[in-house]
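Residues in the sequence shown are numbered consecutively from 76, following the working numbering. In this text, a Cβ means the ideal position worked out from N, Cα and C, and glycines have one as well. Notes to accompany the following structure.
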Amino acid sequence: MKTVYVNDNDLAGRRFNGHDLQLYLNSNGHEAYQFVMDKTGNDPHTIRIVEKELSHFIRDKCKEFEDNISMQSVIYPFGEILSKKKEFKEADVVHYHLIFNHFMSLYSFKKLAQLKPTVWTLHDPWALTGHCVHPLDCKGWLTGCKHCKHLDRQYPLKEDHAAAIWNIKKDIYKEIDIDIVVSSKWMYDMVKKSPLTKHFDRVHLIPFGIDVELFKRREDRKKIRKDMGIGEGDFVIMFRQSTMEWKGQSYIVEMLKKLKTKKKPILLTVGQTGTLDELKDEYRIIEHPWVNDNKLLVDLYSAADLFLMPSVAEAFGLMAIEAMACSLPVIVFEGTALPDVTFAPKCGIALKKGDTDSFVETVTRLISNPKECIKRGNLGRELAEKHYKIERYNKQMIQLYEEILSKNKKARGYE
């Protein structure tokens, strides 16, 4: 079986963007390649669609033009280049991931999907909206994104062409026959409700997986904490530092400002840095930029006592299951995929969206109740082993590819 993956980059998000699955397939008798715009790793089966210097120039100019005319993903030429690649021509299945990060024209995607059996993993609702990655409280995506009131949301538009983009997607989706993969029931329900995608018959719910033998609390946790200057009696709260609207950092900050404990917890973050200056007088903050080194990431999870993920929109939440696998209790907000993904309330703790008073009360309770932290952490580990093993994800994806191949052979009269 020959498989091609298409994504913006290789290593950032490698656990869910096809890169690690490509490595698995190549080590198990299959032939797989990943085409990307930005290659930072050295795997020989990962191929730049075009050379780096040229791609950045063309990409920047296309983005500048689309920004000026308030359109999205309509003029990028890289899909046309991809269609000429030998690996694409020989592929049995082509699997697309994040293709709207300024490199794939929707019109090219239509052509590519008509050329090859196509799988598209939807990592977020962008495919269902007129321009934004997450519609949050807006329901315009259900009715055509007319008169958009949120032009400033990622990705922003200078002029209100949201309805035009929504209709372009609608016209293109009508002309393609593809398999869609989502990782949560929350995202599955959105796909089935959307006027753009509800006609697709083959929508598959396949949760992402992780290497649970890698993502587990380190036995040398005490040494890791000591090396980071964390004392035995310190309580460490870990979260992703991000100013993206839907990641919920503002609620974490508000909660921490209200938190009254005898000893302040230590804050351990990954992602952005320097966005928590208003807390530095009260809290010790250990910041890490975005981590692509899984061993380092596991060390950070192992040093923590609690993980916060109060996103107000989340289509899955990979860091939540990584934290669970590392025996951390996890706090999330209702109204996203996360309560279901973390098996709240049995394991994860789901709070009413934006309820910082309950947030304060819950964090205070956990800091003063190590037994609850241990109980929820142990259950999280058990559930991660049962539901989120990477072997299970790989097996389900390969089964899907084989079903697609079998169906296409029958359609061509080979079986």
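Discussion item. When you compare the stretch 370-382 with the stretch 285-301, are there three or more beta-carbon pairs, one atom per stretch, that lie closer than 8 Å?
Written reply: yes
Practice prompt. Compare the beta carbon distance of ALA379 and VAL311 with 8 Å and say whether it is the shorter of the two.
Written response: yes
Worksheet entry | For HIS462, three-class secondary structure by DSSP | helix
Worksheet item: In or out: GLN316 buried (at least 16 other Cβ within 10 Å) or exposed?
Response: buried
Item to complete: Flag this pair as yes or no: are the beta carbons of ALA395 and VAL387 separated by less than 8 Å?
Response: no
Discussion item. On the CB-based measure, 16 or more other CB atoms within 10 Å of its CB, does ALA398 come out buried or exposed?
Written reply: buried
Worksheet item: Roughly how many angstroms lie between the CA atoms of ASN82 and ALA166, to the nearest whole one?
Response: 16 Å
Worksheet item: So does the stretch 117-137 actually touch the stretch 82-101, counting three or more Cβ pairs closer than 8 Å?
Response: yes
Worksheet item: In whole angstroms, what is the alpha-carbon distance linking MET303 and LYS338?
Response: 18 Å
Item to complete: Provide the residue(s) that pair with ASN84 in DSSP beta bridges, ordered along the chain.
Response: ASP113
Worksheet item: For THR344, which of TRP365, LYS333 and LYS161 has the nearest alpha-carbon?
Response: TRP365
Worksheet item: In three-state terms, what does DSSP make of LEU383?
Response: strand
Worksheet entry | Opposing strand residues paired with TRP195 [DSSP bridges] | TYR171 and ILE255
Fill in: Chain-order list of residues whose beta-carbon lies under 6 Å from that of TYR171 (same chain, five-residue window excluded)
VAL81 and TRP195
Practice prompt. Please list, in chain order, all residues of the same chain as ARG228 whose beta carbon is under 6 Å from its beta carbon, the five residues on each side excluded.
Written response: CYS207
Practice prompt. Have a look at the DSSP bridge pairing and note the partners of GLN316.
Written response: GLY346
Worksheet entry | Neighbourhood of ASP113 by C-beta, 7 Å cutoff - its chain only, sequence neighbours within 5 removed | ASP83 and ASN84
Item to complete: Using DSSP bridges, identify the partner residues of PRO364.
Response: GLY346
Practice prompt. Could you check which residue in HIS462, MET265 and GLU155 has the C-alpha nearest to that of GLY410?
Written response: MET265
Discussion item. Can you determine whether any heavy atom of the ligand ZN sits closer than 7 Å to the C-beta of ALA388, and answer yes or no?
Written reply: The ligand ZN is absent from the structure shown, which contains no ligands of any kind.
Worksheet item: How about the stretch 232-252 and the stretch 136-150: do they share at least three Cβ pairs that are nearer than 8 Å?
Response: yes
Worksheet item: According to DSSP, which residues form a beta bridge with GLU307?
Response: Answer is none; GLU307 lacks a bridge partner.
Discussion item. For the alpha helix (DSSP H) containing ARG440, name the first residue and the last one.
Written reply: 431-442
Fill in: Between the CA atoms of LYS138 and LEU232 - distance to the nearest angstrom
12 Å
Item to complete: Using alpha carbons as the reference points, say which of PHE382, LYS249, CYS213 and TYR230 lies closest to LYS224.
Response: CYS213
Worksheet item: Name the DSSP beta bridge partners of HIS279, please?
Response: VAL256
Worksheet item: Which same chain residues, not among the five before or five after LYS332, have their C-beta less than 7 Å away from its C-beta?
Response: none
Worksheet item: Can you tell me whether GLU389 is buried or exposed, with buried defined as 16 or more other CB within 10 angstroms of its CB?
Response: buried
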